[in-house]
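One structure is given here, and the rest of the page talks about it.
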Amino acid sequence: MEDNKIIELLKVGKHDKVFLNLYKNYPQVEKLILSKGGSKEDAKDVFQEALIIFYEKVRNTDFKLTAAIGTYLYSVSRFLWKDEFIKRKGQQTVDLSFEFTSEEEMELQKAIEREAKFKQIESVLTQLGDKCLRLLKLFYYEGLSMKIIASKVGLKSEKIAKNQKYKCLERAKLKVSEI
17 MEDNKIIELL
27 KVGKHDKVFL
37 NLYKNYPQVE
47 KLILSKGGSK
57 EDAKDVFQEA
67 LIIFYEKVRN
77 TDFKLTAAIG
87 TYLYSVSRFL
97 WKDEFIKRKG
107 QQTVDLSFEF
117 TSEEEMELQK
127 AIEREAKFKQ
137 IESVLTQLGD
147 KCLRLLKLFY
157 YEGLSMKIIA
167 SKVGLKSEKI
177 AKNQKYKCLE
187 RAKLKVSEI
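Structure, rendered in structure tokens:
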């Protein structure tokens with residue numbers, strides 16, 4: 017399957033066949049991780065993280081592929097393993113074969129930071145409770161008006177829904193500041 021077709025299918029949510037195709041890149045990543053002191057389990061974890069980063073980048077941005085998808089996944093995996101390797105070893109210096117160009121480093125670091133932020137926000141949202149979570153999803157993800165949201169969540173008025181949303185956001189901000 018061609019790279020452009022893969023991206024097109026991911027953007028419209030048809031990812032079953034796409035992921036099977038993307039897993040053809042796994043052996044190269046496994047070889048890299050094994051050669052850099054990791055295990056097969058490490059390789060699986062790193063590759064799955066790279067797939068998630070790739071998927072979110074395609075779905076959430078105007079992604080422009082500048083290399084083959086296999087190359088992209090390999091580079092992201094290499095960067096993820098470098099980061100994990102440093103954490104495990106507690107070292108500040110790493111084998112030079114891990115080094116990237118500054119542009120690659122910045123782009124991949126941004127992707128990793130964005131993923132970490134998503135995980136933190138997801139954690140905060142789950143702590144808010146079902147009612148808050150539902151209200152915020154209806155407003156931010158589904159783009160519904162406060163009047164419609166009020167009726168969907170069983171509130172008496174649009175004003176009460178706005179107040180609830182405000183309280184939920186304030187609780188979320190407080191929880192984020194505690195992180």
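In this text, residue positions in the sequence shown follow the working numbering: the first is 17, and each later residue adds one.
Note that beta-carbon positions come from the ideal geometry of N, C-alpha and C, so glycine has one too.
Computed from a predicted structure; not experimentally measured.
### Separation of residue 191 from residue 18, as counted between CA atoms
44 Å
### C-alpha distance - residue 85 paired with residue 72, whole-angstrom precision
14 Å
### Query
In chain order, what residues of the same chain lie with their CB nearer than 7 Å to the CB of residue 111, ignoring the 5 residues before and after it?
Note that residue 111 has pLDDT 49, beneath the 50 cutoff, so the model's placement of it is unreliable and the number below is only indicative. None.
### Task
Quick one: using the 10 Å Cβ neighbour count with 16 as the cut-off for buried, is residue 28 buried or exposed?
exposed
### Task
Round the Cβ separation of residue 59 and residue 92 to the nearest angstrom and send it over; I've been treating them as touching at under 8 Å.
Not confirmed; about 13 Å, so no contact.
#### Entry: Three-state secondary structure assigned by DSSP to residue 79
coil
### Query
Taking just the CA atoms, how far does residue 162 sit from residue 178?
7 Å
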